[in-house]
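Enquirer:
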Amino acid sequence: MRIALTADPELPVPPLLYGGIERIIDLLARQLVARGHEVTLFAHGGSQSAGKLVPWPGASSLSKADTLRNALTLAK
């Protein structure tokens with residue numbers, strides 16, 4: 002199965018210090034890849050992924066322009 006996961010553009014996956022959701026996304030991606038699924042993670046550019054990583058082009062979730070750039074990345 003092909004699965005896309007998205008994470009906050011401001012925090013890397015897995016998180017360096019804190020970030021419960023980002024930690025869960027990392028664990029989920031690792032387990033899905035281990036079970037043979039094709040995983041694409043849309044996340045902060047400093048992230049690491051067991052699957053394919055697609056970095057968000059916009060780094061701020063407060064910026065409307067960055068939010069639009071990130072949405073267009075998902076549409077591709």
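Residue numbers (our numbering): 2 to 77. Here a beta-carbon is modelled for each residue, glycine too, at the ideal position from N, C-alpha and C.
Do you know how far the Cα of Pro58 is from the Cα of Ile26?
Expert: Near 19 Å, if we compare the C-alpha coordinates of Pro58 and Ile26.
Enquirer: Where Arg36 and Met2 are concerned, what is the direct C-alpha to C-alpha distance, given to the nearest angstrom?
Expert: Met2 has its alpha-carbon roughly 10 Å from the corresponding atom of Arg36.
Enquirer: With distances taken Cα to Cα, identify the nearest neighbour of Glu9 among Thr74, His45, Val55, Gly21.
Expert: The identity of residue 9 in the sequence shown is Asp, whereas the question assumes Glu. With distances taken between Cα atoms, Asp9 lies closest to His45.
Enquirer: Pull up the DSSP beta-bridge partners for Leu6, would you.
Expert: Leu42
Enquirer: Assuming Val34 and Leu42 are in contact, meaning their beta carbons sit under 8 Å apart, how far apart are those beta carbons, in whole angstroms?
Expert: In fact, because the Cβ distance is near 10 Å, the residues do not count as touching under 8 Å.
Enquirer: Relative to the C-alpha of Pro15, which candidate in Ala5, Glu39, Ala30 has its C-alpha closest?
Expert: Ala30
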